[in-house]
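Colleague:
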Amino acid sequence: MRLYFDREFGYYPPDRIITLLKSPQVFIYHPTNTLDVRLYTSKSIQLDRSNSVDIELDTGWNDVQKAEIRIKAATGGLRLISSEAKCLASSVSFSRPPEGGVLCFDSIPAKTKTRIRFPYTLEQDTPNIHLRIEVTYETEHGNFFFSKTPSVRTSLALGVNVQDVFKHSVLLSRFTVSTASASPLRLFKSELIGSDMFESSFGIPPSDTVMIFPRQPASLLYKIKRKRGVKNDPKTSKTMYLKLHYQVLRDEIEGLVETSIVKALEGTSLYPLSRLLVSTVLPLVRNDLTGIELERAALLGYVDTSFLSRVVEDQKAFHGLCKDNAGVDLAESLSSFLRTWQAENPTLILPLISEQAEPSSILIPVDIPSVTIVHTADIKVQETAISSASLQPPAVCTHQLLPATLHLKWTRMWDTLSPPAAQTDLEFSYELSAPTDTWLLGGRRKGHFVIPAPTSEDEREQKSSVDTEAEIPVLMIPLREGWLPYPSVEIREVRGGGGGSSSGLSPITAGGVNGSGGGIGGI
């Protein structure tokens with residue numbers, strides 16, 4: 005395309021202010037219903053495998069007889085594994101196995117959308133990746149060439165932190181799910197997939213979706229148990245997977261705005277410009293919607309379209325479009341249509357759960373930590389020492405003698421690295437302590453105990469029994485009024501057996517005292 009002004013040498017216009025061309029800019033747009041290629045992130049992500057991207061090929065009005073797609077990386081450190089590409093549509097398949105970034109097709113009917121998925125790797129984390137996609141295709145009207153360099157956001161939409169609390173027979177894992185951007189997200193469903201050695205259970209799931217805000221994450225609590233009869237073998241699978249089904253609210257709004265605009269353009273003379281209008285509006289959804297507006301949309305169930313006023317008021321948004329065959333100014337027509345659309349749609353209702361598109365899913369590997377031994381310490385006060393009056397909660401007097409029992413038990417069932425044959429006897433020491441202004445403790449506050457090594461794979465030998473558990477009588481005297489926390493129990497491993505001296509804290513600490521954080525009210 006060439007634009008020029010033909011004049012003789014030495015000719016100058018009499019008025020230098022007169023512009024030779026009304027619009028020195030030329031706006032080249034992609035008409036609707038032509039062949040197009042779009043890039044998407046895969047809706048299914050598994051963190052312990054390579055990430056994948058989807059290429060959507062839309063033939064439009066072209067009845068493609070033969071097509072060749074060449075894919076090249078346009079981001080530094082990006083490596084495309086195109087040899088593992090697969091076609092998601094059952095009606096379309098490759099004419100020959102993909103290799104070297106070249107995908108070949110024999111024939112694709114008109115108005116067909118085909119998705120191609122292939123994995124990739126990155127040398128360093130980048131929020132976006134760019135691909136150069138070239139399509140050479142043949143129709144009954146000849147051979148054509150199409151080239152495009154789309155980009156897609158590859159950073160994760162959410163983050164997950166886990167906190168484990170080991171108990172005598174179960175493991176309580178709390179997963180905190182937070183959004184990784186300013187946009188809230190919907191959490192539709194979650195599940196912790198078991199392994200060969202472990203199984204999980206969950207409470208009553210919520211009846212509605214959970215909305216996660218940037219400053220209000222969601223908490224998921226799972227109870228994990230070790231399966232019975234499963235031996236601790238190196239070939240036994242121990243890794244569990246947390247699967248989350250979610251949808252980012254900003255992506256929902258993008259799809260809602262695009263659908264509404266394209267539907268309003270159908271049947272009008274401006275419909276061939278729908279791709280141009282959508283490509284102009286969607287960047288505003290990604291960049292101009294603030295976190296407060298997104299949170300308001302999540303709470304109210306609709307989004308205000310006033311943020312599109314910049315395109316409506318900007319007279320140069322479509323500057324450079326030529327007039328159509330009827331002499332209508334396309335730039336002014338698009339601006340007028342957008343003003344009318346916004347006046348008719350001041351708000352857009354977010355779709356209901358039943359109308360949601362297929363949500364995204366992420367599969368996160370969860371490795372159960374291997375703990376050599378888990379101790380559980382319980383302090384039980386004798387019921388006869390507590391006042392029997394109808395007081396809620398029970399109360400005792402200051403300087404009252406409270407006989408109690410310290411119960412110590414243990415389990416080796418969470419040791420998934422050492423087989424029973426490699427385990428040995430372990431010696432530990434315990435110490436009962438409390439602040440001097442809170443409790444006065446009497447009885448055997450310090451001592452040693454030995455945990456024998458299991459002699460077989462029997463599960464009964466992996467945890468304590470009545471013969472190997474300790475019940476130690478102690479005497480507690482409250483020294484002040486108020487809610488008093490129970491005394492703490494510290495368990496250390498005795499290494500080397502050198503005179504019973506302790507060599508610092510063991511990697512395993514006591515599982516806590518039942519009732520810690522509560523206490524007994526003094527009178």
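Those letters in the sequence shown? Residues 5 to 527, per this note's numbering, in order. For every residue, glycine included, the Cβ atom is placed at its ideal position computed from N, Cα and C.
(1) What did DSSP end up calling Tyr275 once you bin it into helix, strand or coil?
(2) Using a threshold of 9 Å, state whether the C-beta atoms of Ile495 and Leu445 are closer than that.
(3) Beta-carbon within less than 7 Å of Ser337's beta-carbon, same chain only, minus the 5 sequence neighbours each way: which residues are those?
(4) Could you give the residue range of the beta strand (DSSP E) that holds Ala222?
(5) Check Ser505 in the structure and name its three-state DSSP category.
(6) Leaving out five residues before and five after Phe98 in sequence, what residues of the same chain have Cβ atoms less than 7 Å from its Cβ?
(7) Could I get the ranges of all uninterrupted alpha helix (DSSP H) runs contained in the stretch 37 to 125, with 4 residues as the minimum, in chain order?
(8) Under the assumption that Asp182 contacts Gly198 (Cβ atoms under 8 Å), give the Cβ distance between them as a whole number of angstroms.
(9) By Cβ distance, which residues of its chain are closer than 7 Å to Tyr306, with the 5 residues on each side in sequence left out?
(10) May I have the straight-line CA-CA distance separating Glu203 from Ser310, to the nearest angstrom?
(11) Can you find at least 3 beta carbon pairs, one from the stretch 180 to 195 and one from the stretch 209 to 227, that sit closer than 8 Å?
(12) Would you mind sorting Asn147 into buried or exposed? The rule is 16 or more other CB atoms within 10 Å of its CB.
(13) Would you kindly check if the distance between the Cβ of Phe432 and the Cβ of Val454 is under 9 Å?
(14) Using a Cβ-Cβ distance cut-off of 9 Å, determine whether Gly486 contacts chain D.
(15) Mind listing, in chain order, the continuous beta strand (DSSP E) runs of no fewer than 3 residues lying wholly within the stretch 324 to 380?
(16) CB Arg314 to CB Arg290, shorter than 9 Å?
(17) Can you check whether the CB of Leu43 is closer than 9 Å to the CB of Ile112?
(18) Count the other C-beta atoms from every protein chain shown that fall within 10 angstroms of the C-beta of Val68, then say buried if there are 16 or more, exposed otherwise.
(19) Thinking C-alpha only, which one of Asn236, Glu435, Thr440 is nearest Ala425?
(20) Mapping DSSP to helix, strand and coil, what is Gln466?
(21) Identify every residue that forms a DSSP beta bridge with Asn132.
(22) Less than 9 Å between the C-beta atoms of Gln386 and Leu406, yes or no?
(23) First and last residue of the alpha helix (DSSP H) that includes Ala302?
(24) Any idea what DSSP makes of Phe31, helix, strand or coil?
(25) If you reduce the DSSP assignment to three classes, tell me which class Leu269 lands in.
(26) Counting pairs of beta carbons, one from the stretch 111 to 131 and one from the stretch 69 to 87, are three or more of them closer than 8 Å?
(27) Once DSSP output is grouped into helix, strand and coil, what is the label at Asn165?
(28) With a threshold of 8 Å (Cβ to nearest heavy atom), would Trp443 be considered close to the ligand MG?
(29) Helix, strand or coil: how does DSSP classify Asn291 here?
(30) With H, G and I counted as helix, E and B as strand and the rest as coil, what does DSSP make of Ile257?
(31) Quick check: what's the CA-CA separation for Glu270 versus Ile49?
(32) Smallest Cα separation from Arg484: which of Asp441, Thr472, Trp65?
(33) Work out the CA separation of Ala347 and Thr45 for me, nearest whole Å.
(34) With DSSP collapsed to three states, give me the class of Glu473.
(35) Mind checking whether Val57 and Thr158 have CB atoms under 9 Å apart?
Modeller: Based on what the coordinates show:
(1) In the three-state scheme derived from DSSP, where H, G and I count as helix and E and B as strand, Tyr275 is classed as helix.
(2) The criterion of a C-beta distance shorter than 9 Å is not satisfied by Ile495 and Leu445.
(3) The residues are Leu274.
(4) For Ala222, the enclosing beta strand (DSSP E) starts and ends at 222 to 230.
(5) Unreliable positioning characterises Ser505 in this predicted model, as indicated by a pLDDT of 35, which lies under 50. A coordinate reading is not provided.
(6) Excluding residues within five positions, the ones whose Cβ falls inside 7 Å are Cys91, Leu107, Cys108, Phe109.
(7) Taken in chain order, the complete alpha helix (DSSP H) segments of 4 or more residues contained in the stretch 37 to 125 number zero; there are none.
(8) The sequence given here places Ser at residue 182; Asp does not occur at that position. Contact check for Ser182 and Gly198: beta-carbon distance about 25 Å, past the 8 Å limit, so the pair fails to qualify.
(9) Within the same chain, Tyr306 has close Cβ partners Thr351, Leu352, Ile353, Leu354.
(10) Cα to Cα, the separation comes out at about 50 Å.
(11) Cβ pair count under 8 Å is three or more, so yes.
(12) Label assigned to Asn147: exposed.
(13) Result yes, Cβ atoms of Val454 and Phe432 sit closer than 9 Å.
(14) Of the protein chains in the structure, only one exists, and it is not chain D.
(15) With a minimum length of 3 residues, the continuous beta strand (DSSP E) runs that stay inside the stretch 324 to 380 are 351 to 353, 364 to 370.
(16) No, Cβ-Cβ distance for Arg314 and Arg290 is not below 9 Å.
(17) In this structure, Leu43 does not lie closer than 9 Å to Ile112 by Cβ.
(18) Buried.
(19) The shortest C-alpha separation from Ala425 is found at Asn236.
(20) Correct three-state label for Gln466: helix.
(21) Residue pairing by DSSP puts Asn132 in a beta bridge opposite Arg157.
(22) Yes, the pair counts as a contact, with Cβ atoms nearer than the cut-off.
(23) Start and end: 295 to 304.
(24) Under the three-state reduction of DSSP output, Phe31 falls in the coil class, being neither helix nor strand.
(25) Leu269 carries a helical assignment under DSSP once its states are collapsed to helix, strand and coil.
(26) In short, these stretches touch, since the Cβ pair count reaches three.
(27) In the structure shown, Asn165 adopts extended strand secondary structure according to DSSP, grouped into three states.
(28) By its list of ligands, the structure shown contains no ligand whatsoever, and the ligand MG lies outside what it can speak to.
(29) The answer is helix: DSSP assigns Asn291 an H, G or I state.
(30) Looking at Ile257 - three-state DSSP - the assignment turns out to be helix.
(31) Put simply, the backbone Cα of Glu270 is about 35 Å away from that of Ile49.
(32) From the listed residues Asp441, Thr472, Trp65, the smallest Cα separation to Arg484 is found for Asp441.
(33) If you take the alpha carbons of Thr45 and Ala347, they lie about 33 Å apart.
(34) Glu473: coil per DSSP, three-state reduction.
(35) Closer than 9 Å, so yes.
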